[in-house]
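The structure appears right after this line, and notes come after that.
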Amino acid sequence: MMTVIANDEVALETFELVLHNKVIAKEAKPGQFLHISVPGHTLRRPISIADVEREKGEVTILFKVVGSGTNQLATLQEKETVDVLGPNGSSYPFDSLQKGDTVLLIGGGIGVPPLYFLAKTLYEKEVNVQCILGFQSKEYVFYEEQFVQIADVQIVTDDGSYGAKGLVTDVIAEVAPFKQYYSCGPLPMLRAVKEKLANRDGYLSFEERMGCGVGACYACVIPTNDAVGYKKICSDGPVMRASEVNI
């Protein structure tokens, strides 16, 4: 169980939920997710971890209200408790990075939050972080101020109401040379990023509806290039090397 510390709308239809649990806060790694039970709904909701304050025992997630389940999460009040499994899934690998290396983070919409946890972690390792963050429009932009404190940031919106107009892949050519990239967002965006950076080493983090969330039900498989032919996003992922997935 996790206890609600705060629950605030930080952009249009986007909520920041801060939860308390010392064990989860201690164990969480960038790229992992929480699997949250919503009363009255059969399936849990997988939501990426956006930030962790280990000493306080706090874990922050951000989610977009897209249906009855997330709408119910948006109504949670301080001191209420939430049934949570986690931290779940794989994390972003970065052990090969050294002080002074440069990386590129590419996020789209609600795929942006886990990249903030990663950016903070890399910043603490003195890795140079560049970010391209894509949103529908100005009203949906969130966490820009937080990212700017630790990274070079480029905002892109579909309609051009804030930052550059277009897609995240339209501005990749403008960033400085980088050693590795990490991306999270909707599948069409990930597909375009992988194609654009086909000759670069990188990792993709997938957003997917899940059943069990622990690899037992095979409801969230993705094609791969290995002998098995597929991997489970909830347990083998959600972070996978770009070169190993067939999207």
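So for the sequence shown, our numbering puts the first residue at -17; every next one is plus one. Even for Gly, the Cβ is constructed at its ideal location relative to N, Cα and C.
- Query: Apart from the five residues just before and just after E60, which ones in its own chain have a Cβ nearer than 7 Å to its Cβ?
  - Reply: V(-14), I(-13), A(-12)
- Nearest to V85 (by Cα), restricted to the options Y164, L169, R191, V(-8): Y164
- Selection from I92, L104, N53 that minimises the alpha carbon distance to K77: Reading the sequence as shown, one finds Asp at residue 77 and not Lys. The candidate whose alpha carbon is nearest that of D77 is L104.
- Between the stretch 189 to 204 and the stretch 123 to 139, do three or more beta carbon pairs fall short of 8 Å? no
- May I ask you to list the residues that DSSP assigns as paired with P28? H17
- Using the Cα positions of G195 and I215, report the straight-line distance between them to the nearest angstrom. 9 Å
- Beta-carbon proximity of R26 to M192, cut-off 9 Å: yes
- Message: At the 9 Å Cβ level, is V196 part of the contact set with chain C, yes or no?
- Response: Considering every chain present, this structure includes no chain C. It has just one protein chain.
- Item | Buried versus exposed, by CB contacts within 10 Å (16 or more), T139 | buried
- At what residues does the alpha helix (DSSP H) containing M231 begin and finish? Only positions -17 to 229 of the chain appear in the structure, and residue 231 is not among them; the question remains open.
- Once you ignore the five residues that flank A32 on each side, which residues in its own chain have a CB closer than 7 Å to its CB? T42, I43, L44, P95, P96, Y98, F99
- Buried or exposed by the 16-neighbour rule on C-beta atoms within 10 Å, applied to K81: exposed
- Item | Under 9 Å between C-beta atoms of I229 and R173 | yes
- What residue from D(-10), P75, H23, I6 has the CA that sits closest to K46's CA? D(-10)
- Item | Reduced DSSP secondary structure (H/G/I, E/B, other) of T84 | strand
- Message: If the criterion is Cβ atoms closer than 9 Å, does the pair G116 and G142 meet it?
- Response: no
- Item | M(-16) versus G39 - alpha carbon distance | 10 Å
- Query: Considering only the beta carbon of each residue, do V109 and D83 sit closer than 9 Å?
  - Reply: yes
- Query: Leaving out the 5 sequence neighbours to the left and right, which residues in its chain are closer than 8 Å to K161 when beta-carbon positions are compared?
  - Reply: L79, D83, T84, V85, D183
- Message: According to DSSP, simplified to helix, strand and coil, what is I132?
- Response: coil
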